[in-house]
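A quick write-up on the structure given underneath.
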C-alpha cells in the first residue's frame, strides 16, 4: 500500500510540474507577442525609416500635383503612421478645386493621394469679374473675362437658390455634346429652365430637370432640323411633342 501511495504521489507531482511548465510557456508566448506588438508600434511611429519622403498624386487635372505636394510639405519627415486623413484634409482645404480625396501608404516612405476634382458647372458675374462655379456654388477660379468653354449662368450662384438648383440639375444632366454648345442659361422657377445655344442663338425651353435623357435626345434632332439660318425657340418641355418656332 505504501508503495502504491508513493507511486501515485510521484505521478501527481509529474502532472503538476508539466502543467506549470505549460502555463509558463503560454505566458512566455503571450508576453513575446505583446512585446512584438509594442516594438512594431514603436517602429511605425518613431522609425525614420518609415517617415514621409514622397507624395504621389493621382487624379489631378485642373489642380496641379505640385500644389498638392506643397500643401503637404510640412509633413515630410514625419512617421507615416502619424499622418491622418484629418491632417491631410486640413492641409488641402485651401485648394478649392479638390472635392474629395483618399490616401494610402506604400512603405517605406510614400503617401499616395488620390483626388476627385470639382466639375466646373458654369460662370457667373462676380464682384470684380467672372467666377467659375460648381454645382454646390463653390467658386473654383475667377477671371476678368468670361471663359468660353462653360455656360453663363444668369442667376445668382447660391446653393439654397431654387433657380440655381434647377439650373445645376439640368446642366449636370446634359450630355457633353450639348453642354459644350450652351451659351447662357436661366430659370425663374424649378420648372422653367431655358438656355441659348452658342453658334445658332436658338433658345431652348427645357422646363424641369425631369426626363432629361429624353429631352436631350429630341433636342439634338430638333437643333439639326432648325438649322442655323435664323434663331428659333425650341420647346422640349414635353419630349414627345417638340415645338419649333421663330424666336421673338
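Numbering (this note's numbering), first residue to last: 46 to 293.
In this text, a Cβ means the ideal position worked out from N, Cα and C, and glycines have one as well.
Residue 160 and residue 98 have their C-alpha atoms roughly 19 Å apart. For residue 174, the closest C-alpha among the options 115, 186 and 196 is that of 186. With distances taken between CA atoms, residue 152 lies nearest to 125 out of 167, 125 and 266. Non-local C-beta neighbours of residue 252 in its own chain, meaning closer than 6 Å and more than five positions away in sequence, comprise 236 and 282, ordered along the chain. Under the DSSP definition of a beta bridge, residue 239 partners with 231 and 250. A distance of 8 Å or more separates the beta carbons of residue 250 and residue 198.
Annotation for residue 159: no alpha helix (DSSP H) segment contains it, though the beta strand (DSSP E) segment containing it runs 155 to 162. Excluding its 5 nearest sequence neighbours in each direction, residue 212 has C-beta neighbours in its own chain below 7 Å: 198, 200, 230, 232 and 238, listed in chain order. Contact check for residue 117 against residue 101 fails: the beta carbons are separated by 8 Å or more. The residues 125 and 156, in chain order, have a CB closer than 7 Å to that of residue 150 in the same chain once the five nearest residues on each side in sequence are set aside. The beta carbons of residue 218 and residue 270 sit no closer together than 8 Å.
Straight through space, the alpha carbons of residue 94 and residue 123 are spaced by roughly 10 Å. Residue pairing from DSSP places residue 175 in a beta bridge opposite 170 and 188.
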